[in-house]
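Q: Chains as they are written, first to last, in this note's numbering: chain P, 752 to 1136; chain E, 752 to 1136. Input: one structure, supplied below.
2 protein chains.
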Amino acid sequence: MLNFSFQNPTKIHFGAGQIKAISKEIPLNARVLLVYGGGSIKSNGVYQQTVDALAKHTWFEFSGIEPNPTYDTLMQAQGVIKAEKIDYLLAVGGGSVVDGAKFIAATALFEGDDPWDILAKNQSFTKALPIGAVLTLPATGSESNGNAVVTREGNKLPFASPLVRPLFAVLDPSVTLSLSDRQIGNGVVDAFVHTIEQYLTYNVNGKVQDRFSEGLLQTLIEEGPKALLPDTKDNVEVRANIMWSATMALNGLIGAGVPQDWTTHMIGHELTGAFGIDHARTLSIVLPAVMKVRREQKREKLLQYASRVWYINEGDDNARIDQAIGLTEAFFKKMQLPTRLSDVDLGINDIELLIARLKQHGMTALGEQSDITIDISHEILTQAL
Amino acid sequence: MLNFSFQNPTKIHFGAGQIKAISKEIPLNARVLLVYGGGSIKSNGVYQQTVDALAKHTWFEFSGIEPNPTYDTLMQAQGVIKAEKIDYLLAVGGGSVVDGAKFIAATALFEGDDPWDILAKNQSFTKALPIGAVLTLPATGSESNGNAVVTREGNKLPFASPLVRPLFAVLDPSVTLSLSDRQIGNGVVDAFVHTIEQYLTYNVNGKVQDRFSEGLLQTLIEEGPKALLPDTKDNVEVRANIMWSATMALNGLIGAGVPQDWTTHMIGHELTGAFGIDHARTLSIVLPAVMKVRREQKREKLLQYASRVWYINEGDDNARIDQAIGLTEAFFKKMQLPTRLSDVDLGINDIELLIARLKQHGMTALGEQSDITIDISHEILTQAL
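Structural data, given as structure tokens:
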């Protein structure tokens, strides 16, 4: 196991009816900005529950945060923040809304020249508005971590700071019943790949972390498809297990003390930036190709993954790895996601643009040992055709 | 899954050489009381590393906290706290030292009449001194939770408050190499039983919690015995996996959203209080008996435990449960712990005293459904003979 420091102070309120907990979590003298996306929270009742919980608070609202939230949209929030002296953000939505709130929180108190530098130049900041979150879509884990991704003119860039980690997060699995199959499929696969990217690396004998990751993968494999099947899709217990898995997949715990290989996410971001493909659908296309191209470097963990997650214990090493990769692809298909570039109408002629963008964003030494060169990324994309 | 609220803000610094992190965690203007037990931290170098890390701090010390820390000892710390205006406690030791520091922290700022009421009358308190911890014995999880147990005249009573949860904890597995086999065996079994008591209940379909608990049990089963075997006992990786398992077993995470049955601990406390038996050795005696007496109520989870933790999938239900209980006892024996009252020279004539003490302490409705009556506790103790 590697040395590590770990802290996750986000307070979680989990379960049906927990939205009312926000009334006690946000100080009564706060000036709250309720931040959300499109109108879905108005049709599924979450907006009303939130407004009810804020009955004694002073609050304003800012809506219109899109999937893959954009710099231009998020900067517009600064108007109401200054005009109304906002000092607390309440993000109500999925990972994009929570990510967006994080950038708004950092920008509101930013003392540098240009807030875009937080993303483009990795510029640090020393303060941010406090954030609370009401999660409506289990996927990104953003509700209890300090990470966010923001897009500007097709450039999709991450930043991270403990200052923007939500102070509390409400996870009510019953509100996810109104999600579309596409949102559920995307969310389950996103959480699955978050787990894989902290697990499928060289082996440092982190036995607790490995077992926890395997437990999350198994839970997502068992429960994910149920959320799409007619007989079980309305089962709140299924939704609860998916929701808790997605939070645990990226709250920092399973990645503490082990290497992490975020290659799939980094290549995936270029697919979204260049072609507008849903985040999770870029992951389901890239991950199998990463597994195939990096099978030698990941051999030990791929065999462990085959055995412990998929119960594959027959056949020689290569056959077991092939079978595990095949079952991973089959799981993504069962969640109704693509596994090839051709599934989203991309082909060999599109690879050069993706490679150029990886270079432009400095993504030329990926993987936990920084040994995935741009040539290897090219090989991965070719494998994914 | 049950509704829950969960927060664990303790910052963990894990790995060899991390004791130096305390220099940055404790404010430089703090007046620190270093709290420890006997002299073991002086012979294994932990005391010196701690003193070195506090080179720029103002600090004092209070030693002599015994295993199963006593009220009388802990109250003596109030003298130096008042005389030196102590405002920060640094606990250096195992669970008993950390537990003791928690009671000292609560007592220092207690505004009620009698600090014993915190334990005897479950009296709440509104403030406590901040605590940091350097853990030297992986077992109790006390380094990142708000629980403590204190003994007075043979009465061993628990209290809990988020106010006494350590702000930070240093976990350096290399310092555990100097522990005796008895300390290691006790610690591994303590962590194992903590996990079991949050797992072996009626089933609420908390799939993540179940998988995490099973992962901890498997890790302790795999790594525990290695810490006693000549060829592997000096392996720091083994110690690291045990140490992280013990912390994760009782930091609140695996118990969030699931029922908990602390019967084994509650009966075990009476065995320690009445006869001075090591805490973990009471658990290894009581748990198998609880499994046998409560096999019908715990049937579903016992079968899951048999299959997922011990890979027992052959034979009828009862045979599989018997085998799982047998393997649990064999594991405890491999860790060099007793599994019967007769192993610690107790017999049928001692049961009445234990029953009387359970009654005296109000332990007459144990278990996650409060249905373990005093008669059932009698049956459990008889089963454990």
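By construction, the Cβ of each residue, glycine as well, lies at the ideal position given by its N, Cα and C atoms.
Following the continuous beta strand (DSSP E) through Gln758 (chain P), name the residue where it begins and the one where it ends.
A: Position 7 of the first sequence, counted from the start, is the residue given in the question as residue 758 (chain P). Counting along the chain, the beta strand (DSSP E) containing Gln758 (chain P) begins and ends at 755–765.
Q: Less than 8 Å between C-beta atoms, sequence neighbours within five positions excluded: which residues of the same chain meet that for Asp823 (chain E)?
A: The residue labelled residue 823 (chain E) in the question sits at position 72 within the second sequence. Only Arg903 meet the Cβ criterion.
Q: Helix, strand or coil, according to DSSP, for Asn896 (chain P) in the structure here?
A: In the first sequence, residue 896 (chain P) corresponds to position 145, counting from 1. Correct three-state label for Asn896 (chain P): coil.
Q: For Asp923 (chain P), is the classification buried or exposed, using 16 other Cβ atoms within 10 angstroms of its Cβ as the cut-off for buried?
A: For this step, residue 923 (chain P) is matched to residue 172 along the first sequence. So Asp923 (chain P) ends up on the buried side.
Q: Could you pull the DSSP bridge partners for Arg903 (chain P) from this structure?
A: The residue labelled residue 903 (chain P) in the question sits at position 152 within the first sequence. Answer is P:Asn906.
Q: If I'm right that Ile773 (chain P) touches Gly883 (chain P) with Cβ under 8 Å, what's the distance once you round it to whole angstroms?
A: Here residue 773 (chain P) corresponds to residue number 22 of the first sequence, with the count starting at 1. Here residue 883 (chain P) corresponds to residue number 132 of the first sequence, with the count starting at 1. 6 Å between Cβ atoms; contact.
Q: Hey, Val944 (chain P) and Leu825 (chain P): beta-carbon distance below 9 Å or not?
A: For the purposes of this step, residue 944 (chain P) is taken as the residue at position 193 of the first sequence. For the purposes of this step, residue 825 (chain P) is taken as the residue at position 74 of the first sequence. Going by C-beta atoms, Val944 (chain P) is not nearer than 9 Å to Leu825 (chain P).
Q: CB Lys907 (chain E) to CB Val915 (chain E), shorter than 9 Å?
A: Along the second sequence, read from residue 1 onward, the residue named residue 907 (chain E) stands at position 156. Along the second sequence, read from residue 1 onward, the residue named residue 915 (chain E) stands at position 164. In this structure, Val915 (chain E) does not lie closer than 9 Å to Lys907 (chain E) by Cβ.
Q: Leaving aside the five residues before and after Lys1049 (chain E) along the sequence, list all residues of the same chain whose C-beta is less than 6 Å from its C-beta, in chain order.
A: Position 298 of the second sequence, counting from 1, holds the residue named residue 1049 (chain E). Taken in chain order, the residues that qualify are Leu951.
Q: Can you tell me the Cα-Cα spacing of Lys1085 (chain E) and Asn896 (chain P), whole angstroms?
A: Your numbering for residue 1085 (chain E) matches position 334 in the second sequence. Your numbering for residue 896 (chain P) matches position 145 in the first sequence. About 41 Å.
Q: When DSSP labels each residue in this structure, what does Leu1149 (chain E) get in the three-state scheme?
A: The requested residue 1149 (chain E) does not occur in the structure, where chain E is confined to residues 752 to 1136.
Q: Of the choices P:Asn780, P:Leu753, P:Arg933, whose alpha-carbon is the least far from that of Gln769 (chain E)?
A: Along the second sequence, one-based indexing puts residue 769 (chain E) at 18. Measuring from the Cα of Gln769 (chain E), the nearest candidate turns out to be P:Leu753.
Q: Using a beta-carbon distance cut-off of less than 8 Å, what residues from the stretch 973–992 of chain P approach chain E?
A: Under the 8 Å Cβ criterion, the stretch 973–992 of chain P contributes Glu973, Glu974, Glu988, Ala991, Asn992.
Q: Return the chain-ordered list of same chain residues with a C-beta closer than 7 Å to the C-beta of Ile1076 (chain P), the five sequence neighbours on each side being excluded.
A: Counting from one through the first sequence, the residue named residue 1076 (chain P) turns up at place 325. Only Pro1039, Met1042, Lys1043 meet the Cβ criterion.
Q: Based on Cα-Cα distance, which residue from P:Gly1003, P:Ile763, P:Ser756 lies nearest to His764 (chain E)?
A: The sequence position of residue 764 (chain E) within the second sequence is 13, counting from 1. Per the Cα distances, P:Ser756.
Q: So with CB distances below 8 Å, who are the chain E contacts of Ala767 (chain P)?
A: Counting from one through the first sequence, the residue named residue 767 (chain P) turns up at place 16. Within 8 Å Cβ-Cβ: Asn754.
Q: Please go through the same chain and pick out, in chain order, the residues whose beta-carbon is closer than 6 Å to the beta-carbon of Ile1123 (chain P), but skip the five residues on each side of it.
A: Translated into the one-based positions of the first sequence, residue 1123 (chain P) becomes position 372. Taken in chain order, the residues that qualify are Thr1014, Leu1117.
Q: I need the straight-line Cα distance from Gln949 (chain E) to Thr1033 (chain E), nearest angstrom please.
A: As a working note, residue 949 (chain E) is residue 198 in the second sequence. As a working note, residue 1033 (chain E) is residue 282 in the second sequence. Those two C-alpha atoms are separated by around 18 Å.
Q: Rounded to a whole number of angstroms, what is the C-alpha to C-alpha distance between Ser1121 (chain P) and Val921 (chain E)?
A: By 1-based counting over the first sequence, the position of residue 1121 (chain P) is 370. By 1-based counting over the second sequence, the position of residue 921 (chain E) is 170. Going from the Cα of Ser1121 (chain P) to the Cα of Val921 (chain E) covers about 30 Å.
Q: For Leu841 (chain P), count neighbouring Cβ atoms within 10 angstroms of its own Cβ and tell me buried if that reaches 16, exposed if not.
A: Against the first sequence, residue 841 (chain P) aligns to sequence position 90. Its Cβ being crowded by 16 or more others within 10 Å, Leu841 (chain P) is buried.
Q: Under 9 Å between the Cβ atoms of Asp1092 (chain P) and Ile1036 (chain P)?
A: On the first sequence, position 341 is the one that residue 1092 (chain P) refers to. On the first sequence, position 285 is the one that residue 1036 (chain P) refers to. Residue 1092 (chain P) is actually Leu in this sequence, not Asp. Cβ atoms of Leu1092 (chain P) and Ile1036 (chain P): closer than 9 Å.
Q: Pick from P:Gly975, P:Ile947, P:Pro913, P:Val959: whose alpha carbon is nearest that of Asn937 (chain P)?
A: For this step, residue 937 (chain P) is matched to residue 186 along the first sequence. The option with the nearest alpha carbon to Asn937 (chain P) is P:Gly975.
Q: What does Arg916 (chain P) touch in chain E if you count any residue whose Cβ is under 7 Å from its own?
A: Walking along the first sequence from the start, residue 916 (chain P) turns up at place 165. Within 7 Å Cβ-Cβ: nothing; Arg916 (chain P) doesn't reach chain E, min ~11 Å.
Q: In whole angstroms, what is the alpha-carbon distance linking Gly815 (chain E) and Tyr787 (chain E)?
A: Here residue 815 (chain E) refers to the residue found at position 64 of the second sequence. Here residue 787 (chain E) refers to the residue found at position 36 of the second sequence. If you take the alpha carbons of Gly815 (chain E) and Tyr787 (chain E), they lie about 7 Å apart.
Q: Can you tell which of E:Met994, E:Leu1132, E:Val939 has its C-alpha closest to the C-alpha of Val926 (chain E)?
A: In the second sequence, the residue the question calls residue 926 (chain E) occupies position 175. Selected option, being the one with the closest Cα: E:Met994.
Q: Is Phe943 (chain E) close to chain P, meaning its C-beta is less than 9 Å from at least one C-beta of that chain?
A: By one-based count along the second sequence, residue 943 (chain E) stands at place 192. No, because no Cβ of chain P sits closer than 9 Å to the Cβ of Phe943 (chain E).
Q: Would you kindly work out how many angstroms separate the C-alpha atoms of Ala856 (chain E) and Ala879 (chain E), rounded to a whole number?
A: As a position in the second sequence, residue 856 (chain E) is number 105, starting the count at 1. As a position in the second sequence, residue 879 (chain E) is number 128, starting the count at 1. When rounded, the distance between both Cα atoms is 5 Å.
Q: Name the residue from E:Leu930, E:Lys872, E:Gly1027 whose alpha carbon lies nearest to the alpha carbon of Asn986 (chain E).
A: Numbered from its first residue, the second sequence carries residue 986 (chain E) at position 235. Out of E:Leu930, E:Lys872, E:Gly1027, E:Leu930 has the C-alpha closest to the C-alpha of Asn986 (chain E).
Q: Any C-beta of chain E within less than 9 Å: which residues of the stretch 799–815 of chain P qualify?
A: From the stretch 799–815 of chain P, no residue has a Cβ closer than 9 Å to chain E.
Q: How about Val849 (chain P) and Phe811 (chain P): are their beta carbons less than 9 Å apart?
A: By one-based count along the first sequence, residue 849 (chain P) stands at place 98. By one-based count along the first sequence, residue 811 (chain P) stands at place 60. It is not a contact, given that the beta carbons lie outside the stated cut-off.
Q: Determine, using beta carbons only, whether Ile1018 (chain P) and Ile1131 (chain P) come nearer to each other than 9 Å.
A: Sequence index remark: in the first sequence, residue 1018 (chain P) carries index 267 (1-based). Sequence index remark: in the first sequence, residue 1131 (chain P) carries index 380 (1-based). Yes, the Cβ-Cβ distance between Ile1018 (chain P) and Ile1131 (chain P) is below 9 Å.
Q: DSSP three-state call for Leu1109 (chain E): helix, strand or coil?
A: Within the second sequence, residue 1109 (chain E) is the residue found at index 358, counting from 1. DSSP places Leu1109 (chain E) in helix when its eight states are reduced to three.
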